[in-house]
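Counted the way my numbering counts, the sequence shown spans residues 124 to 598. All C-beta atoms, glycine included, are put in the ideal place defined by N, C-alpha and C. Model, not experiment: these values are computed from the prediction. Below is one structure, written out as structure tokens, with a few remarks after it.
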Amino acid sequence: KDAFARLRLRRSTPEERQRAGEELLAARGQLTDPKDLGMAVHALGKTLMWEAALVLMRGLDPKAHGKSSRIACSVAMAACSKASAWEASLSALEGMQGEGLVLDNMGFVAAVGAFDRGSRWEGAVQLLARSRLDNLLLDVMAFNATISTCGKNGRWESALQLFADLLRQRLSPTVVSFGSVMNACERGQQWRRALSVLRQMEEASSRPDAMAFSAAISACAKCAQWRRALQLLRMADADGQTWLDVFVYNSAASACEKGQEWRQALCLIDEAYVAGVSWDETSYNVAISACSVGQQWQQAIEMFGQLQQRAQEPSEITFSSAMQACYLASQWSLALSLFADLRRCGSTQRRGDGGATLQALLPAAAAATEWRPNLVTTTVAISACKQGKLWQEALGLFRGLQLGASTPPDADAYSATLLALMGAGEVELATALYNESLSEGMAFEGSSVSKASLSALPPSRPRLPARRPPPPPPR
């Protein structure tokens, strides 16, 4: 009883709960009452001591203590799922099914959570089908969990089908139900279907909340439907009852930025600030990207500095957007300075010790750190090196991508490096790299890269030999 009390007491420290769990495990032979054993599993599960909960759960006889065993298994599975031990949760599910036990709704949601963490959406759908064959009366939370799992794994068709099944079961969809379906449509770039679900939500007298509007607007953003996104934002604003949070404004501004409407995007970010909505990192990223589209590099750097003043570490997305803004405005040295700053942030604690050095861009410097190059930011840096006629640094960055990047160089990285080499007249190196790209299966849409590279050569430099026409046929 004392161990139970210490496990349930919120004021208990993690060390006290750990000792209480160990005491319960040591005394598990004395827990003969299935009710006490089930309570012990429940107490351990609530404190995320999933390993101990699984040990005690195995002491229950499923045939003799069906209900207690089912509840204990569900709690243990939930504890495993919350502790990211989804394999253990699914193992408990297999054992439960092997004993002929039927899941309850709590166990079902816990199992789907495990499938979700393991990115195994098929298992969640199959479990739903099996539970219905077992005549388990699934509630709306069970459907919500399965729809969400399908959406996170890009299976928008399955999410829509499950939502239709939910309605056929005459269950009342909640705000979470609608939001999960719209999130699935947003991930699948199905903006029309997302808007259709939003209309269904309004017809069902479920007032769309900020998350629902954000999901619908994001779906429009991914399909370059910035006008639709603005309409949804104004609709939510005119409602008067929906609190427009930072996610809604970010989604609408991102839609405008992707639609090349950079002025409108910046206006929306400013509008959010005037409305009392605090910017987050995504707000700055969208604003800096919009400045990049509009080639407003000074404003991009100013916003980058504001983010740093807020004691927030800029992400690689932030760095990439600011670098792109500088590169498009031919401010290559500033772009490389940002890139060197990014490398310092990635390898050591951030330092305010001045600007970048070109030596910091070379592979030898990277070898002394644990920083792994990012494909997008490194490709922008290579393009900046091309503007500054720094072909050696460009080639060094490219080789660094090949050696240390989690994602290998793509056609854009090869193209940027080729242009840097050909712009400096390094024909032999460029030819070798071009042949290397072909061996890697890179597609440059025919010979567009080689033609662009040849046109970038200065007249005084030697060019690649042109293919000679075949000799005329003998008369």
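- Non-local C-beta neighbours of Ala566 in its own chain, meaning closer than 7 Å and more than five positions away in sequence, comprise Ala534, ordered along the chain.
- Taking 4 residues as the minimum length, the alpha helix (DSSP H) runs contained wholly in the segment 348 to 412 are 349 to 362, 369 to 381 and 385 to 397, in order along the chain.
- In the structure shown, Gly511 falls within a coil segment according to DSSP collapsed to helix, strand and coil.
- The residues Trp420, in chain order, have a CB closer than 6 Å to that of Gln454 in the same chain once the five nearest residues on each side in sequence are set aside.
- In the structure shown, Thr530 adopts coil according to DSSP, grouped into three states.
- Counting only the Cα atoms, Ala463 lies some 50 Å from Leu250.
- Exposure of Gln429 is indicated by the presence of fewer than 16 other C-beta atoms within 10 angstroms of its C-beta.
- Sixteen is the threshold: when 16 or more other Cβ atoms of the shown chains lie within 10 Å of the Cβ of Gly519, as they do, the residue is buried.
- In terms of Cα proximity to Ala395, the closest of Phe231, Gly382, Trp244 and Trp366 is Trp366.
- Taking Leu261 as reference, the option from Glu245, Leu290 and Gln387 with the minimal CA-CA separation is Leu290.
- Leaving aside the five residues that flank Cys308 on each side, the residues in its chain whose CB is nearer than 7 Å to its CB run, in chain order, Trp279, Arg316, Ala317, Val320 and Ala342.
- Listed in chain order, the non-local C-beta contacts of Gly564 below 6 Å within the same chain number zero, local neighbours out to five positions each way being set aside.
- Taking a 10 Å sphere around the C-beta of Ala252, we find fewer than 16 other C-beta atoms and assign the residue as exposed.
- Here the alpha carbons of Ser303 and Asn373 stand approximately 19 Å from one another.
- Between Ala265 and Phe231 the beta-carbon gap is near 5 Å, inside 8 Å, which marks them as a contact.
- If you ignore the 5 residues before and after Ala375, its C-beta comes within less than 7 Å of the C-beta of Ile340, Ala352, Leu353, Leu356 and Leu391, all in its own chain and listed in chain order.
- Around the beta carbon of Lys345, a 10 Å sphere encloses 16 or more other beta carbons of the protein chains shown; the residue is thus reported as buried.
- Asn228 carries a helical assignment under DSSP once its states are collapsed to helix, strand and coil.
- With a contact defined as Cβ atoms closer than 8 Å, Trp402 and Val369 qualify at about 7 Å.
- Looking at the backbone, the Cα of Val416 and that of Trp385 are separated by about 6 Å.
- For Cys308, the enclosing alpha helix (DSSP H) stretches over residues Val298 to Arg310.
- Annotated three-state conformation of Cys346 is coil, per DSSP.
- In the DSSP assignment, Glu425 falls within the unbroken alpha helix (DSSP H) covering Trp420 to Gln432.
- Straight across, the Cα-Cα distance linking Leu556 with Gly311 is about 36 Å.
- Between the alpha carbons of Val298 and Val397 lies a distance of about 28 Å.
- Under the three-state reduction of DSSP output, Arg243 falls in the coil class, being neither helix nor strand.
- If you compare the alpha carbons of Val235, Ala327 and Thr269 with that of Leu283, the shortest gap goes to Thr269.
- Burial check for Thr502: the Cβ neighbour count within 10 Å reaches 16 or more, so the residue is buried.
- DSSP places Glu549 in the coil class of the three-state scheme, outside both helix and strand.
- Taking C-beta atoms under 8 Å as the contact rule, Asn306 and Ala333 fail to qualify, at a distance of about 13 Å.
- The three-state reading of DSSP puts Gln249 in helix, counting H, G and I together.
- Apart from the 5 residues on each side of it in sequence, Ala553 sits with its Cβ closer than 7 Å to the Cβ of Leu541, Leu544, Met545 and Ser576 in its chain, given in chain order.
- Gln348 and Asn408 have their C-alpha atoms roughly 20 Å apart.
- Contact between Leu457 and Cys468 is absent: CB atoms are separated by about 17 Å, not below the 8 Å threshold.
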